[in-house]
Structures are given as C-alpha cells and as structure tokens.
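With the sequence shown counted from 1, adding 412 to any position gets you this note's numbering. Worksheet for the structure shown next.
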Amino acid sequence: MDGIPDVPTKRYFLSNLLRLLKFYFNPMKMNKIGLQKQMKASSLLNTQFINLERRGKKW
C-alpha cells in the first residue's frame, strides 16, 4: 500500500527535472516569463525532493 503512490511521485519529479533541463538548454526561452517559469519549476522540484527525503524514500 505504501509503495503505490511513490511511482507517480517519481514520474512527476523526473518530468519536472526534464522541464527544468529544457529551460537551461534553451537560451531562446530565457526571457522574463521563462525565468519566472523556471524559478517556479525549480521551487516545485525542491519541494518534491524535500517531500521524498522527508518520507525516507531511497530511490
């Protein structure tokens, strides 16, 4: 039961990571809006990571 919600969390985490990497490697999108989105995605990613660590999930 405990392992079931863990899989979508990982998928969500990885999709956020990919989105963040796309921002870093696409200089055309580094305008004001792009930077705001990047910061939002970054803070979201940090939150997800902290939540995973808090639950003690080793992956």
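We treat Cβ as the ideally placed atom computed from N, Cα and C, and that holds for glycine.
Across the set Lys422, Asn428, Arg466, the C-alpha of Asn428 shows the shortest separation from the C-alpha of serine 454.
Leucine 456 and arginine 431 have their alpha carbons spaced roughly 11 Å apart. Linking isoleucine 462 to lysine 434 through their CA atoms gives a straight-line distance of about 22 Å.
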